[in-house]
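Numbering-wise, my numbering puts 12 at position 12 of the sequence shown, and it's gapless, one number per residue.
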Amino acid sequence: MSTRYPSTNYGGNSCVSFVLLRSNIFIRNARKIVKKQPFLAQNIQDTLELLQLNPFHPRLRSHKLKGELKESYACSAGYDLRIIFKFVEHENKQAILLESVGTHDEVY
Numbered sequence: 001m002s003t004r005y006p007s008t009n010y011g012g013n014s015c016v017s018f019v020l021l022r023s024n025i026f027i028r029n030a031r032k033i034v035k036k037q038p039f040l041a042q043n044i045q046d047t048l049e050l051l052q053l054n055p056f057h058p059r060l061r062s063h064k065l066k067g068e069l070k071e072s073y074a075c076s077a078g079y080d081l082r083i084i085f086k087f088v089e090h091e092n093k094q095a096i097l098l099e100s101v102g103t104h105d106e107v108y
């Protein structure tokens, strides 16, 4: 069963803060990206901080995915860098599972 989180629930002044859970795939992909392009480390970190506070902040351009990834969302972490995530519950708290990170072509 999937939980839906419409963008209207998370305004800029929301007190909701999410726990970020990193999948092994996300960790591996992030390390590869930072090794090849170290300057992207700050983009990823800034995006994760904003995602934790407000997953639907306009700067992230978060959107629901379709097809095989229909349970997930994507957000922008730079010009051609995307983070794939989904909402989950972890230890009775709202959490975001970070599934993958990479270029548009790599993650879709």
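Idealized CB from N, CA, C, for every residue including glycine.
With distances taken from CA atoms, which of Ile44, Val16, Leu20, Val19 is nearest Asn29? Translated into positions along the sequence shown, residue 29 becomes position 29. The shortest C-alpha separation from Asn29 is found at Ile44.
On a Cα-Cα basis, can you pick out the residue from Lys32, Glu91, Pro38, Val101 that is closest to Tyr73? Sequence index remark: in the sequence shown, residue 73 carries index 73 (1-based). The shortest Cα separation from Tyr73 among Lys32, Glu91, Pro38, Val101 belongs to Val101.
List the residues that DSSP assigns as beta-bridge partners of Leu81. Numbered from its first residue, the sequence shown carries residue 81 at position 81. Answer is Gly78.
Can you tell me which of Ala95, Phe26, Lys86 puts its alpha carbon nearest to the alpha carbon of Lys66? Here residue 66 is taken as the residue at index 66 of the sequence shown, counted from 1. Taking only the C-alpha atoms, the option nearest Lys66 is Lys86.
Rounded to a whole number of angstroms, what is the C-alpha to C-alpha distance between Ser91 and Arg22? As a first step, residue 91 is located in the sequence shown; it is residue number 91 there, counting from the start. As a first step, residue 22 is located in the sequence shown; it is residue number 22 there, counting from the start. Note on residue identity: the sequence assigns Glu, not Ser, to residue 91. Between Glu91 and Arg22, the C-alpha separation is close to 15 Å.
According to the neighbour-count rule (16 or more other Cβ atoms, all chains shown, within 10 Å of its Cβ), is Ala41 buried or exposed? Taking the first residue of the sequence shown as position 1, residue 41 is located at position 41. Answer is exposed; the Cβ neighbour count stays below 16.
With DSSP run on the structure shown, which of helix, strand or coil describes Arg31? Reading the sequence shown from its first residue, position 31 is the one you call residue 31. Helix at Arg31.
Buried or exposed (CB count within 10 angstroms, at least 16 for buried), Ser110: Coverage of the chain is limited to positions 1 through 108, which leaves residue 110 absent and any answer about it impossible.
Own chain partners of Ile33 with C-beta closer than 6 Å, once the 5 adjacent residues on each side are dropped: Stepping through the sequence shown from its first residue, residue 33 is reached at position 33. Counting only Cβ-Cβ distances below 6 Å, and skipping sequence neighbours, we find Leu40.
Taking the alpha-carbon of Ile27 as reference, which of Asp105, Leu97, Tyr108, His104 has the nearest alpha-carbon? Mapped onto the sequence shown, residue 27 falls at position 27. Comparing Cα-Cα distances from Ile27 to each of Asp105, Leu97, Tyr108, His104, the minimum goes to Leu97.
Give me whichever residues DSSP pairs with Val19 in a beta bridge. On the sequence shown, residue 19 is found 19 positions in, with the first residue counted as 1. Beta-bridge pairing links Val19 to Ala95.
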